[in-house]
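First the structure, in the form of structure tokens, and then the observations on it.
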């Protein structure tokens, strides 16, 4: 069985769109959805309940929430998604095929990134992300992560960190064991629209560089926000 794990914090509006999209695939694939919440004060609980998801109260912090969700999951395959990400209609077929392919219990999959913005700048960001994912082996959390429970546990799972938990785990997986899935994750461009299509990528690059240099993630969180 597949377990879909979604960390949330005041993400009710985005979560509804994601859950509605996932629900349309239930006829093809049995799966559970776990919403691992970090203390939302909006309608996240009610949206999760109406969307037939398991609502889990977790300690705030995306890394901790992902860990809690994985621990509560019943599936032998885990799909981690951000609440502001939606999958295109092909996702369920692609995931079924990936899980069925021999040897993929020792590989992990991620989706192509698309931003919900029509500007040319968004297309450029998508191209850079595709290059970074393929050649550097650094897909980020907004691209999702599909991994067998066996592999997840062998890796030691996500770490209890507030930021860069996605980079940490894909570095442990390694570029050669990461597979680009032939399906798209459409994610919010809100941070790019807010900060600008130049400043936000530079900020992300700065955070990655500082992280690789050993700066603790608790200091990086302020820059990210």
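Residue numbers (the working numbering): 319 to 543. Every residue gets a Cβ at the ideal spot worked out from N, C-alpha and C, and that includes glycine.
If you reduce the DSSP assignment to three classes, tell me which class residue i lands in.
i: residue 457; result: coil
i: residue 436; result: coil
i: residue 486; result: helix
i: residue 394; result: coil
i: residue 320; result: strand
i: residue 519; result: helix
i: residue 355; result: strand
i: residue 526; result: helix
i: residue 481; result: coil
i: residue 346; result: coil
i: residue 451; result: helix
Cβ of residue i within 8 Å of Cβ of residue j?
i: residue 426; j: residue 494; result: no
i: residue 459; j: residue 388; result: no
i: residue 394; j: residue 319; result: yes
i: residue 528; j: residue 538; result: yes
i: residue 505; j: residue 433; result: yes
i: residue 321; j: residue 409; result: no
i: residue 324; j: residue 390; result: no
i: residue 407; j: residue 430; result: no
i: residue 379; j: residue 356; result: yes
i: residue 416; j: residue 499; result: yes
i: residue 519; j: residue 443; result: yes
i: residue 481; j: residue 428; result: no
i: residue 362; j: residue 396; result: no
How would you label residue i, buried or exposed, when you count the other beta carbons within 10 angstroms and need 16 or more for buried?
i: residue 422; result: buried
i: residue 383; result: buried
i: residue 525; result: buried
i: residue 471; result: exposed
i: residue 346; result: exposed
Who does residue i pair with in a DSSP beta bridge?
i: residue 428; result: 498
i: residue 505; result: 403, 433
i: residue 373; result: 353
i: residue 466; result: 395
i: residue 325; result: 354
* Asked: Taking one C-beta from the segment 446-466 and one from the segment 364-379 each time, how about it: are there three or more such pairs within less than 8 Å?
  -> no
* **At least three beta-carbon pairs within less than 8 Å, the segment 428-446 to the segment 509-517** => Segments in contact, yes.
* Asked: Any contact of the segment 372-382 with the segment 346-360, i.e. 3+ C-beta pairs under 8 Å?
  -> yes
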